[in-house]
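In the working numbering, the protein residues as written are 624 to 1269.
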């Protein structure tokens, strides 16, 4: 009965979204008709309806109701409770229910917090958001319903289990956080399209878009960071970014959302780039939908992929065609009515923001081409092409390096009038250069390549510029402006920290692989690793061998690493559980491999060890960006409250 209630609630949300669309569209031309309240209530009720449906799905997992196909395929009676709950969004159908729940919440948010100064624009955006909800809810209800039952005779006794590599705390949090970003940016799409239809761009639309863009970008940052951390310590590959197509699918909207934030700031402040802001708003969510297509279409085989179903992929491809094609068509027809914005000089802050946006957009285009070209070539029957890290490193990396060079300058340039000469010849760039040079020297001493040294210099340069910005922001008169400036400084410092961490990490020595029996040792750098013991470490739903690796350095014991190799019985799958010893200098990374029988009959286990310098800087940088985004949102909220009280 619970599954049937869930199906009914999903269908009700679809009908309510239709009401939201129709009432909001009509109310946009007649705000006093009472239909505005109908549209808002429909959005709120749809959100509550799907939230209840999602809660029911979680309950079905908790009680292990294997008569529901989705539960049977992604859970097991012996699975820990935490992973039973996480499995509710760990597969395709449940993740789409989460997507739709968040999307209706965005619609309710637009109705409540949209631009009050222009009811027509707000209601049009709510109506467009209702249209987006219909597209995805129809996909959920008709092709991906998580409440479908299976025949009684086929009901499993214990369940099929969730993919073992997904049974991890970081990955349990990764999809919801990432979806907050993917779906949150839909508000920017709706507002941008509403502004184009209404013929109103400029400051009002940019001010409405900006908080949604910052919030979505912040969530995307946190989600991508969680995914990178999971890949680093769960997959046993020893890296944190692989230019995997599904990783690229989240990176592209992140880049465009970053450009959108900067463009919206300029448009709100001086009226510059109204068309560019609208276009970026449309592209950001279109790329989010593209990411959904790549993950669910079956065109990719990836550890990140949710489903391998071409039929579902065609549905999402159709949704993508409506989103991107329809949005760009409206932009082509209506962008001319937005005006050209106010003028500015080539050395003003607007000019630097424009250059920044150009680099971000080009980088996104490079990643897009490298991601989809192999798919297009395969679909057309052309020669099979594999696009990997060398392509992205040679094409995207120079763009990001240019961004790092420009990053510290913009906060010191005046709006409209030129000021580059003043900023370039002040004391600040000299001060920024010193930490950059120090970072480069440090990486040089670590044995880094020319590119690693250059990356370290640019990272140190960006960090120093951000710190200077944070110090100077103390003198701002108003608290909201001060808090927003702190957010900008934290985010820019985070970008520099990631660049510095990536440069340092690239200096690591190759991994060492040895087959060790108990009592044998291996050496990596100045550290000696001894296999002291091998023991059983079975869990509730897996069998495990655990190694006890004693680490000594210069004759002194510095720790014990306990990597595991696990076998999940229900899924019939082996996994590796990495163990990492983190210090200020970097991570000592241990992976336990397969057993090998030697000629004398003894058993040795393959042990892979590596040392990854300064990897913690990457996580710290992502944390700084996330904190910067949250701080900027706080500053905007304080500013809005200040305006209301004035």
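The beta-carbon is built from N, C-alpha and C at its ideal position, and this holds for glycine as well.
>> Whole angstroms are fine: how far does the CA of residue 869 sit from the CA of residue 928?
In response: Looking up residue 928 in the chain shown gives position 305. Looking up residue 869 in the chain shown gives position 246. In this prediction, residue 928 has a pLDDT of 49, which is less than 50 and means its spatial position is unreliable; what the coordinates show is noted afterwards. Going by the C-alpha atoms only, they are around 7 Å apart.
>> Measuring CB atoms only, is the region 1119-1135 touching the region 1067-1082, in the sense that at least three cross pairs come out at less than 8 Å?
In response: yes
> Helix, strand or coil for residue 979 per DSSP?
Replying inline: Numbered from its first residue, the chain shown carries residue 979 at position 356. Residue state, collapsed to three classes: helix.
> How long is the line joining the alpha carbons of residue 998 and residue 945, rounded to whole angstroms?
Replying inline: Indexing the chain shown from 1 puts residue 998 at position 375. Indexing the chain shown from 1 puts residue 945 at position 322. So the alpha carbons of these two residues sit roughly 21 Å apart.
> Going by beta carbon distance, what residues of the same chain come within less than 7 Å of residue 1106, once the five residues before and after it are set aside?
Replying inline: As a working mapping, residue 1106 is identified with position 483 in the chain shown. For residue 1106, where only same-chain residues beyond five positions count, the Cβ hits under 7 Å are 1254, 1257, 1258, 1261.
>> Cutting at 6 Å between CB atoms, please list the residues of its own chain near residue 926, excluding the five before and the five after it.
In response: Position 303 of the chain shown, counted from the start, is the residue given in the question as residue 926. Low local confidence applies: a pLDDT of 47 at residue 926 is under 50, so the model's placement there is unreliable, with the coordinate-based value given in what follows. Here the set comprises nothing.
> Based on the DSSP output, what are the partners of residue 1159 in its beta bridges?
Replying inline: Position 536 of the chain shown holds residue 1159. Answer is 1168.
>> Spatial neighbours of residue 1214 within its chain, please: C-beta separation below 7 Å, excluding the five flanking residues on both sides.
In response: Indexing the chain shown from 1 puts residue 1214 at position 591. These residues qualify, in order along the chain: 859, 1186, 1199, 1201, 1231.
> Do residue 1183 and residue 1192 have their C-beta atoms within less than 9 Å of each other?
Replying inline: The count along the chain shown starts at 1 and reaches residue 1183 at position 560. The count along the chain shown starts at 1 and reaches residue 1192 at position 569. No; because the gap between Cβ atoms is not below 9 Å, this pair is not in contact.
> Thinking C-alpha only, which one of 879, 736, 1196 is nearest residue 1271?
Replying inline: Absent from the structure is residue 1271, since the part of the chain shown begins at 624 and ends at 1269.
> Cα separation between residue 949 and residue 866?
Replying inline: As a first step, residue 949 must be located in the chain shown, where it is residue number 326. As a first step, residue 866 must be located in the chain shown, where it is residue number 243. Cα-Cα distance, rounded: 30 Å.
> In this structure, does DSSP put residue 1182 in helix, strand or coil?
Replying inline: Numbered from 1 along the chain shown, position 559 holds the residue referred to as residue 1182. It is a strand residue.
> What whole-angstrom Cβ distance do residue 730 and residue 676 have, given they're in contact under 8 Å?
Replying inline: Within the chain shown, the letter at position 107 stands for residue 730. Within the chain shown, the letter at position 53 stands for residue 676. About 16 Å; that fails the 8 Å criterion.
> Would you report the Cα separation of residue 649 and residue 824, rounded to the nearest angstrom?
Replying inline: By one-based count along the chain shown, residue 649 stands at place 26. By one-based count along the chain shown, residue 824 stands at place 201. Going from the Cα of residue 649 to the Cα of residue 824 covers about 21 Å.
>> Quick test of the definition: if touching needs 3 or more C-beta pairs under 8 Å, does the region 978-996 touch the region 1017-1024?
In response: yes
>> Output needed for residue 843: all residues of its chain with C-beta closer than 7 Å, excluding positions within five of it in sequence on either side, in chain order.
In response: Counting from 1 along the chain shown, the entry for residue 843 is found at position 220. Closer than 7 Å at Cβ, skipping near neighbours: 801, 804, 873, 876, 877, 880.
> Taking the alpha-carbon positions, what's the residue 694 to residue 687 distance?
Replying inline: As a first step, residue 694 must be located in the chain shown, where it is residue number 71. As a first step, residue 687 must be located in the chain shown, where it is residue number 64. Distance between the alpha carbons of residue 694 and residue 687: 7 Å.
>> Going by DSSP in three states, residue 777 sits in which element: helix, strand or coil?
In response: Counting from one through the chain shown, the residue named residue 777 turns up at place 154. DSSP places residue 777 in helix when its eight states are reduced to three.
> When DSSP labels each residue in this structure, what does residue 808 get in the three-state scheme?
Replying inline: Start at 1 with the first residue of the chain shown, and residue 808 comes out as number 185. Residue 808 falls in the coil class under three-state DSSP.
> Do three or more CB pairs link the region 1134-1149 to the region 1110-1120 at distances below 8 Å?
Replying inline: no
> Comparing alpha-carbon positions, which option in 1149, 1095, 1084 lies nearest residue 1119?
Replying inline: Residue numbering aside, residue 1119 sits at position 496 when the chain shown is read from its first letter. The shortest Cα separation from residue 1119 among 1149, 1095, 1084 belongs to 1084.
> Should residue 685 and residue 747 be called a contact, given that it needs their Cβ atoms to be closer than 9 Å?
Replying inline: Residue 685 sits at position 62 when you count from the first residue of the chain shown. Residue 747 sits at position 124 when you count from the first residue of the chain shown. No, the pair does not count as a contact, with Cβ atoms beyond the cut-off.
> Among 723, 1220, 1058, which residue has its Cα nearest to the Cα of residue 799?
Replying inline: As a position in the chain shown, residue 799 is number 176, starting the count at 1. Taking only the C-alpha atoms, the option nearest residue 799 is 723.
> Where DSSP assigns a beta bridge to residue 690, which residues make up the other side?
Replying inline: As a working note, residue 690 is residue 67 in the chain shown. Answer by DSSP bridge pairing: none, since residue 690 is not bridged.
>> Using CA atoms only, rank isn't needed, just tell me which of 1013, 1061, 1089, 1064 is closest to residue 1031.
In response: For the purposes of this step, residue 1031 is taken as the residue at position 408 of the chain shown. Nearest C-alpha to residue 1031: 1089.
> Ends of the beta strand (DSSP E) at residue 1138?
Replying inline: Taking the chain shown and counting its residues from 1, one reaches residue 1138 at position 515. Segment 1135-1139, the beta strand (DSSP E) holding residue 1138.
> Distance, Cα to Cα, residue 716 vs residue 1010?
Replying inline: Translated into the one-based positions of the chain shown, residue 716 becomes position 93. Translated into the one-based positions of the chain shown, residue 1010 becomes position 387. If you take the alpha carbons of residue 716 and residue 1010, they lie about 30 Å apart.
> How many Å lie between residue 1238 and residue 698 at the Cα?
Replying inline: Counting from one through the chain shown, the residue named residue 1238 turns up at place 615. Counting from one through the chain shown, the residue named residue 698 turns up at place 75. One C-alpha to the other measures close to 34 Å.
> Taking the alpha-carbon positions, what's the residue 1222 to residue 1145 distance?
Replying inline: Walking along the chain shown from the start, residue 1222 turns up at place 599. Walking along the chain shown from the start, residue 1145 turns up at place 522. Straight-line Cα distance between these residues: approximately 20 Å.
>> For the structure I just gave you, are there three or more beta carbon pairs, one from the region 775-790 and one from the region 665-673, closer than 8 Å?
In response: no
> Which whole-angstrom value describes the C-beta separation of residue 1122 and residue 1157, a residue pair presumed to lie in contact below a C-beta threshold of 8 Å?
Replying inline: Here residue 1122 is taken as the residue at index 499 of the chain shown, counted from 1. Here residue 1157 is taken as the residue at index 534 of the chain shown, counted from 1. In fact, because the Cβ distance is near 40 Å, the residues do not count as touching under 8 Å.
> Between residue 1104 and the rest of its own chain, which residues show a CB-CB distance below 8 Å, the 5 nearest in sequence each way excluded?
Replying inline: Along the chain shown, one-based indexing puts residue 1104 at 481. So the list reads 1258, 1262, once near-sequence residues are dropped.
> According to the neighbour-count rule (16 or more other Cβ atoms, all chains shown, within 10 Å of its Cβ), is residue 883 buried or exposed?
Replying inline: For this step, residue 883 is matched to residue 260 along the chain shown. By the neighbour-count rule (16 or more Cβ atoms within 10 Å), residue 883 is buried.
> Going by Cα to Cα distance, which pick from 656, 893, 680 is closest to residue 631?
Replying inline: Taking the first residue of the chain shown as position 1, residue 631 is located at position 8. For residue 631, the nearest C-alpha among the options comes from 680.
> Would the beta-carbon of residue 816 fall within 9 Å of that of residue 904?
Replying inline: Taking the chain shown and counting its residues from 1, the one referred to as residue 816 is at position 193. Taking the chain shown and counting its residues from 1, the one referred to as residue 904 is at position 281. Yes, the Cβ-Cβ distance between residue 816 and residue 904 is below 9 Å.
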